[in-house]
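Read through the structure below, which is laid out as structure tokens, and then see the notes.
In this note's numbering, the protein residues as written are 1 to 247.
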């Protein structure tokens, strides 16, 4: 393979990591035009160079430190959102945005900045984050804080959460860098943690809230101390009411 082709491949597979580093230091990055996939394909994962071959030891340490803390935040925020969704159901008898006319839809739990990295499948039904928050607040009878994935730009995994309705069931998923006993591997450095209102034996590790949140593995993972709590607190504070500031 020619050196020019090698350089082109290296440029392609490392672009997500450049976006990630920008996310770590808080730089707003442009949208990845016409992207229809938020993770690398299997062949691209094989071709992906090691991070140590691309970045300095300092930058690599920043990447790993960010992901270690971000995964703790993600796990904590998963419980935050699921608790709200199930409290809503207890009060109303149905799940957010679920009615007799529409029982199959998806909401990307993403800030306006993160929304640019989402992709809507043709023919599928979607609701906006604003619609989701408005309905949650109406059902609960009080305002809520909005908590988002702390990563500004995607790497090999999506940088947002997903709420989905499928008939009478709801699903809520986050994407983590680290694998856990309760996560489902998707690709290297890309794992999915998912909660539903009932256990789905056909898809192992889609767990109910009681199965996941009462487990020793989850409690240990979600209760770890952050290396840089001030950074994540400040970042979270910027978007606690993101939908309220939308035009």
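Each residue gets a CB set at the ideal place from its N, CA and C atoms; glycine is no exception.
- Straight through space, the alpha carbons of residue 132 and residue 243 are spaced by roughly 10 Å.
- Among the bridge pairs identified by DSSP, residue 185 is matched with 191.
- Separation of residue 211 and residue 171 (C-alpha to C-alpha, rounded to the nearest whole angstrom) is 14 Å.
- Residue 142 is classed as exposed because its beta carbon has fewer than 16 other beta carbons within 10 Å across all chains shown.
- Non-local beta-carbon contacts of residue 227 in its own chain, meaning distances under 6 Å to residues more than five positions away in sequence, involve 65 and 69 in chain order.
- According to the DSSP assignment, residue 149 belongs to no beta strand (DSSP E), since it is labelled neither H nor E.
- Per the C-alpha coordinates, the member of 76, 221, 163 and 79 positioned closest to residue 105 is 163.
- Burial state of residue 146 is buried, judged by a 10 Å Cβ sphere holding 16 or more other Cβ atoms.
- Considering only 183, 168 and 167, the residue with the shortest C-alpha distance to residue 213 is 183.
- Contact between residue 91 and residue 140 holds, with the beta-carbon distance rounding to 7 Å and staying under 8 Å.
- If you check the CB distance, residue 148 and residue 109 come in under 9 Å.
- Annotation note: the segment 83–123 contains the following uninterrupted beta strand (DSSP E) runs of length 3 or greater, listed N- to C-terminal: 104–109.
- Excluding the 5 residues flanking it on each side, residue 215 has same chain C-beta neighbours closer than 7 Å at 182, in chain order.
- Secondary structure note for residue 165: its beta strand (DSSP E) is the uninterrupted segment 161–166.
- For residue 169, the three-state secondary structure derived from DSSP is strand.
- In this structure, the alpha-carbon of residue 189 lies about 8 Å from that of residue 157.
- For residue 209, the enclosing alpha helix (DSSP H) begins and ends at 209–213.
- When secondary structure is reduced to three states using DSSP, residue 176 falls in the strand class.
- Of the residues 173, 83 and 168, the one whose Cα lies closest to the Cα of residue 97 is 168.
- If you ignore the 5 residues before and after residue 63, its C-beta comes within less than 6 Å of no other C-beta in its own chain.
- The residues 95, 96, 170 and 172, in chain order, have a CB closer than 7 Å to that of residue 85 in the same chain once the five nearest residues on each side in sequence are set aside.
- Taking each of 179, 200, 89 and 116 in turn and checking the Cα distance to residue 159, the smallest one comes out for 116.
- In chain order, 159 and 160 place their CB closer than 6 Å to the CB of residue 114, counting only its own chain and leaving out the 5 sequence neighbours on each side.
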